[in-house]
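If you read the protein sequences in the order shown, they are chains A, C and L. Take the first sequence: its letter number 55 is residue 55 in this note's numbering, and every next letter is one higher. Take the second sequence: its letter number 71 is residue 455 in this note's numbering, and every next letter is one higher. Take the third sequence: its letter number 37 is residue 703 in this note's numbering, and every next letter is one higher.
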Amino acid sequence: MTSRGRALLGFGVVFLALLALPHIASRLDWPGFYLTFLFTAFFWITQSSSWNMLTGYSGYFSFGQGAWFGVGVYTTAVLAGKQSWGFLAALPLAGVAALVVGLLLGVVVFRLRSLGGEIFALTTLAIAFVLASIARIFPEIDGGRGSFMTSVPLPEFLGEFRPAVYRMTLVIMMLTVLTAYLIYESRLGWGLFAIRDDEQVARGLGEPVFRYKMAALGANAFFGGLMGGVWALQIGFVTVEDVFNIRVPLFVILMSVLGGTRHWMGPVVGSVIIFTIIDRFNSAGFEDFNQVFIGGLLIVLVLAVREGIYLRLRERWLAAGVIFATVMILLTLFNPSSMVWKFLWALLATLAMALVPDRAWQRLANRGGATTSAADPEREKVDV
Amino acid sequence: MSGALIGGLYALMSLGLSLSWGALDIINLVHFMFILFGAYLTYQLTSSTGIDPLLAAVIVVPVGFVGGGLLQVFFEWAGLDEFKSLIITFGLFIILQSLARTIWSADFRTLEQSINPYVSASVKVGGVSLQIPLVIAFVAATAIAFGTRALMGATYFGKAVRAVVHDADTARAFGVDPRRVGVVLAAIASAYSALAGVLIATFQALSPTMAVGWFGIVFPVVILGGLGNAVGNLLAGVIIGVAAGVATVVWGPLSASLVTFSIMVLALLFRPEGLFTRRATI
Amino acid sequence: MKLLDCRGVRKSFGGVQALQDVDIAVDEGEILGLVGPNGSGKSTLINVLSGFFPADAGQVDFGGMSIFGQEANEIAAHGIARTFQIPRPFATMTARENVAVSYMFGREKHSLASARLAADEWLDFTGLAQVADSNVDELNLQQLKFLELARAMATEPKLILLDEVLAGLNPAEIESSVAMIRRIHDRGITIVIVEHVMRVVMSLSHRIVVLDQGRVIAAGQPESVMNDEAVISAYLGGKRI
């Protein structure tokens, strides 16, 4: 089986397993919180993966994830909440609306000959702010008083509310990560990475640079908006401050940088880790520290972890698996606290292992007698 | 009219970013924090010691100068690419904003009238009443804009900066150390931002998240004025100030940022190098 | 038959007129040498021809079709490739990946799957097969320059613009580079070579064009051009040191 075949099979298996989860959950009588935890994780995986398809692959830094998210949220809030469209009819439009806004931005900025990257970063930083103003000004959209989504009915076949949200976020997440994977293994993906390395040279070689950037931006905006639509549904009450703040853009940057921006799995891994940490922080009451912690973490990561930990984890997969399993088992035996706490500690332990610098690792591995990895850990060998 | 005056302040707020972006090729988001902390420090000094807020500049501006220089030293030492530098300035932005909120709380802080003689003082010029803080800001901004142009044009330092921007390797061959030039330039730019902060403290209510509101002002000014173009920046500031003022009067305060953003988009579409820069494409 | 035909090309930066009324024609299958003192506009001309800068005025025809004002990627699709004086490989990719990316996007678009084999072919041609899997930061200057050539070749061009490809090489490396250029030419590719190393230009070129201060001051057979008075004074400095 080709490697692509294997990957697609993997996607299929994961999807089915996760899809079955709500049924298992109700059999085993798990607290509803687990589903919430999972679909929030799916939310972040989607936002980070879609962000990474543009910024990680092409190097065009976007602060605008909040903008796509916000457009998606408000499109849904207006169509389904205020205008009484069916939710499933409104949802795709959430993605499309964000796509349109994103492409408009791209048309203005991507054709600039010089400073394109920096000006793009700058406009994405400003655009969320401007969209927030628009939402506040026009009462048809929000008018500053918030919008209610609680009375939006869901079609029968989706079942109860929480599992329905879970399934929708699951589907969107799978689509997003699948797209990230497919792009990564395609000409578009290579083209984007070439742009990241040296856009001028890539253009000189004949690459349709503008089209490729637009494609990446389009994917980014579309999935960001689509997931925003579902978020609007599950949050119930939408306010401008809640939607257009620094949280979404900040977190996606942090998650992708931690996991690694040069690979499609990077944001997935990073999202899971960061989200678990944040979730436990919040439940322990540390909300205020969030931002300082995150800002600091971001800086430390950028300085210390060159290419993200996903590649490291793949390198040291045996150790990763062993450590993760060991911690989970130990905690279950000695302190059967909530699943999420166990998960967190296992993740942190694995993370700590991943952060051990290469030289120290080689020495440890040598002493243990295990064969050292001959491959350069920073390089990603892709089957061209 | 006050739109034109506040444009001077806008220009001063933007000049630091414009200079450092033009010379160092990175959008340093920390500049917004230099402005914010400049304002908060002025507030603090004035509230605690009762000195004239403008005098506080004597302390605040050098702090900004040193801060900016140190930051640049750090950047030079870390030797990061643009991608990572942008992340770092963003991270610092977030941290400093949180820090401001922790120290001074999320409530609005204003200087009491008893210690701030400027807040409601105004002067009548030709039948129009002008707020003094804005007048001061405008005069300061103009002086600095032209002073900077003179600095860049006439002094050795200015020439060194331009040489480094144009071709760092050749500049090095002529004995100019790009790193040192970069540090000094960053320090000057941060000092400008800190000064803008001082002026803001004299008449505005401070809140930790106000920096986000500045995005819709500073970025259009920087784009419109042209990177590193001090006088262009001043003129752009006035234009944006007037535009924002008019928009506020005609459509309400929320529309101001929409208008300024639209101006920026138009500039990007038709004259990305700025209204006042001669068309030199390299 | 004229492959590339420029007439009246002009380009200025700010107040500096880098190219004024440049007329150059390149015949199919020839090697054209482009020489001139420093600052004469040679690199600017290369940049304009390959689409990296837009010319201000003039006409540029390639294979009979106008390419004036086109983007660099459109020009590459027509079949013009260029190398950079200071090599600019894709820094995070291996040598093979560099060439493969080039092959994917060149004159004809090729699939990802076919790019690997094709890349190996060009790496073989330029003698880089040994370092195919190496990161570009492990390659020396000569190898990087040959990688530039391999990348240019992989776009299957009809015309290659070589921008000071010999700069920084020692005599032995220059010899092997010249041999490589001849091999490229033997494949039927037209070459414009910008160079300072005069003996190489003289021996390689069928014709030479001399630029000075943005103008063409001489064009023709190497011997007669280099004996032209205007050319000699331009180099020896009537006007510049």
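Ideal Cβ positions, reconstructed from N, Cα and C, are used throughout, including at glycine.
What are the start and end residues of the beta strand (DSSP E) that includes residue i?
{"i": "L/I697", "result": "697-701"}
{"i": "L/S678", "result": "668-679"}
{"i": "L/D693", "result": "682-693"}
{"i": "C/I479", "result": "That residue, C/I479, is in no beta strand (DSSP E); its alpha helix (DSSP H) goes 466-488."}
{"i": "L/A723", "result": "723-728"}
{"i": "L/V858", "result": "856-860"}
{"i": "L/R748", "result": "746-748"}
Counting only Cβ pairs nearer than 8 Å, list the residues of chain C close to residue i.
{"i": "A/R136", "result": "L638"}
{"i": "A/I119", "result": "I607, L652, P656"}
{"i": "A/Q291", "result": "I478, I479, Q481, S482"}
Given that residue i touches chain C, what residues does it touch there, using C-beta distances under 9 Å?
{"i": "A/G295", "result": "F474, G475, L476, F477, I478, I479, L480, Q481, S482"}
{"i": "A/A194", "result": "Within 9 Å Cβ-Cβ: nothing; A/A194 doesn't reach chain C, min ~15 Å."}
In the DSSP assignment, find the unbroken alpha helix (DSSP H) run with residue i in it and report its ends.
{"i": "L/L828", "result": "Element bounds for L/L828: not the alpha helix (DSSP H) but the beta strand (DSSP E), 825-829."}
{"i": "A/R280", "result": "266-283"}
{"i": "C/G537", "result": "516-538"}
{"i": "A/F42", "result": "32-58"}
{"i": "A/W85", "result": "It is not in any alpha helix (DSSP H) - A/W85 carries neither H nor E in the DSSP assignment."}
{"i": "L/A816", "result": "807-820"}
{"i": "L/H851", "result": "837-852"}
{"i": "A/I119", "result": "116-137"}
{"i": "A/E315", "result": "309-315"}
{"i": "A/K342", "result": "339-355"}
{"i": "L/Q796", "result": "Here L/Q796 belongs to no alpha helix (DSSP H), and DSSP marks it neither H nor E."}
With which residues is residue i paired in a DSSP beta bridge?
{"i": "L/A884", "result": "L/V876"}
{"i": "L/N801", "result": "L/T760"}
{"i": "A/A325", "result": "Partner(s): none; A/A325 has no beta bridge."}
{"i": "A/V238", "result": "A/S147"}
{"i": "C/R493", "result": "C/L590"}
{"i": "L/S732", "result": "L/D727"}
Which residues in chain C sit within 7 Å of residue i, going by Cβ to Cβ distance?
{"i": "A/F129", "result": "V596, F599, G600, S641"}
{"i": "A/L122", "result": "I411, F603"}
Check the Cβ of residue i against every Cβ in chain A and list those closer than 7 Å, keeping chain order.
{"i": "C/I471", "result": "I253, V257, L298, V302"}
{"i": "C/H462", "result": "Before going further, note that residue 462 of chain C is Ala rather than His in the sequence given. Those within 7 Å of C/A462 in chain A are L303."}
{"i": "L/S768", "result": "L205"}
{"i": "C/V645", "result": "The question names Val, yet the displayed sequence has Phe at residue 645 of chain C. The answer, in chain order, is A126, V130."}
{"i": "L/T792", "result": "Going along chain A, no residue has its Cβ under 7 Å from L/T792, so there is no contact; the nearest lies around 16 Å."}
{"i": "C/F467", "result": "G59, F61"}
{"i": "L/F718", "result": "Q200, G204"}
Would you mind telling me which residues of chain A sit closer than 9 Å to residue i, beta carbon to beta carbon, in chain order?
{"i": "L/V867", "result": "Result: empty, since nearest Cβ-Cβ is about 24 Å, beyond 9 Å."}
{"i": "C/F674", "result": "No answer is possible for residue 674 of chain C: the residues shown for chain C start at 385 and end at 666."}
{"i": "C/V630", "result": "None at all; the shortest Cβ gap to chain A is about 16 Å."}
Residue i versus chain L: which residues are under 8 Å apart at the beta carbon?
{"i": "A/A468", "result": "Only positions 1 to 384 of chain A appear in this structure, which leaves residue 468 of chain A out of reach."}
{"i": "A/G70", "result": "Chain L residues near A/G70: none, gap ~33 Å exceeds 8 Å."}
{"i": "A/G260", "result": "The premise fails here: A/G260 is roughly 13 Å from chain L at the closest Cβ pair, so nothing lies under 8 Å."}
{"i": "A/G321", "result": "Within 8 Å Cβ-Cβ: nothing; A/G321 doesn't reach chain L, min ~28 Å."}
Who are the neighbours of residue i on chain L, taking C-beta pairs under 9 Å?
{"i": "A/D279", "result": "In chain order: nothing, as chain L lies at least about 34 Å away."}
For a contact defined as C-beta to C-beta under 8 Å, what are the partners of residue i on chain A?
{"i": "C/F458", "result": "In chain order: nothing, as chain A lies at least about 10 Å away."}
So which residues of chain L does residue i contact, with C-beta pairs closer than 7 Å?
{"i": "A/S186", "result": "L778"}
Interface positions of the region 201-227 of chain A facing chain L (Cβ-Cβ less than 7 Å), listed along the chain
Of all residues in the region 201-227 of chain A, V201, R203, G204, L205, G206, E207, P208, V209 have a Cβ within less than 7 Å of some Cβ in chain L.
Between the region 582-605 of chain C and chain A, which residues of the former have CB atoms less than 7 Å from a CB of the latter, in chain order?
The region 582-605 of chain C vs chain A, Cβ under 7 Å: V596, F599, G600, F603.
### Proximal residues, the region 391-423 of chain C versus chain A, C-beta separation under 9 Å
Listed by position along the chain: W405, D409, I410, I411, L413.
Note down, in chain order, all residues in the region 686-714 of chain L with a beta-carbon under 9 Å from any beta-carbon belonging to chain A.
-> Residues of the region 686-714 of chain L with a Cβ closer than 9 Å to any Cβ of chain A: none.
Note to self: Would you call the region 619-628 of chain C in contact with the region 601-608 of chain C, where contact means no fewer than 3 C-beta pairs closer than 8 Å?
What the structure shows: In the pairwise beta carbon analysis, the region 619-628 of chain C is classified as touching the region 601-608 of chain C: at least three pairs are separated by under 8 Å.
Are at least three pairs of beta-carbons, each pair with one atom in the region 774-787 of chain L and one in the region 730-739 of chain L, less than 8 Å apart? No, they do not touch.
- Message: Does the structure place the region 759-774 of chain L close enough to the region 200-207 of chain A that three or more beta carbon pairs sit under 8 Å?
- Response: Between the region 200-207 of chain A and the region 759-774 of chain L there are three or more C-beta pairs closer than 8 Å, enough to call the two in contact.
Output, in sequence order along the chain, the residues in the region 776-787 of chain L whose CB is closer than 9 Å to any CB in chain A. Of all residues in the region 776-787 of chain L, H776, S777, L778, A779, A781, R782, A785 have a Cβ within less than 9 Å of some Cβ in chain A.
| request: Taking 8 Å as the threshold, find out whether the region 267-287 of chain A comes into contact with the region 231-244 of chain A through three or more Cβ pairs. | output: No contact exists between the region 267-287 of chain A and the region 231-244 of chain A.
task = Tell me, please, whether the region 700-716 of chain L touches the region 668-688 of chain L by the rule of three or more beta-carbon pairs shorter than 8 Å.
result = Between the region 700-716 of chain L and the region 668-688 of chain L, the count of Cβ pairs shorter than 8 Å is three or higher; the stretches touch.
Subject >> the region 433-444 of chain C in contact with the region 562-572 of chain C per 3-pair CB rule at 8 Å >> reply: Counting C-beta pairs closer than 8 Å gives fewer than three between the region 433-444 of chain C and the region 562-572 of chain C, which falls short of the contact rule.
Inspect the CB distances between the region 744-752 of chain L and the region 815-829 of chain L and report whether three or more fall short of 8 Å. The answer is yes - the region 815-829 of chain L touches the region 744-752 of chain L, with three or more Cβ pairs under 8 Å.
With a threshold of 8 Å, are at least 3 pairs of Cβ atoms found where one atom belongs to the region 876-892 of chain L and the other to the region 686-703 of chain L? Short answer: they touch.
- Segment contact, 8 Å Cβ cut-off, at least three pairs: the region 52-64 of chain A with the region 187-201 of chain A: In this structure the region 52-64 of chain A touches the region 187-201 of chain A; the number of beta carbon pairs closer than 8 Å is three or more.
Could you run through the region 237-253 of chain A and flag, in chain order, every residue whose CB is less than 8 Å away from some CB of chain C?
Cβ contacts with chain C come from I246, L250, I253.
Going along the chain, which residues of the region 100-117 of chain A sit with their C-beta nearer than 8 Å to a C-beta in chain B?
Of the protein chains in the structure, A, C and L, none is chain B.
On the three-pair Cβ rule with 8 Å, is the region 134-141 of chain A touching the region 252-262 of chain A? Flag = no, the region 134-141 of chain A and the region 252-262 of chain A do not touch.
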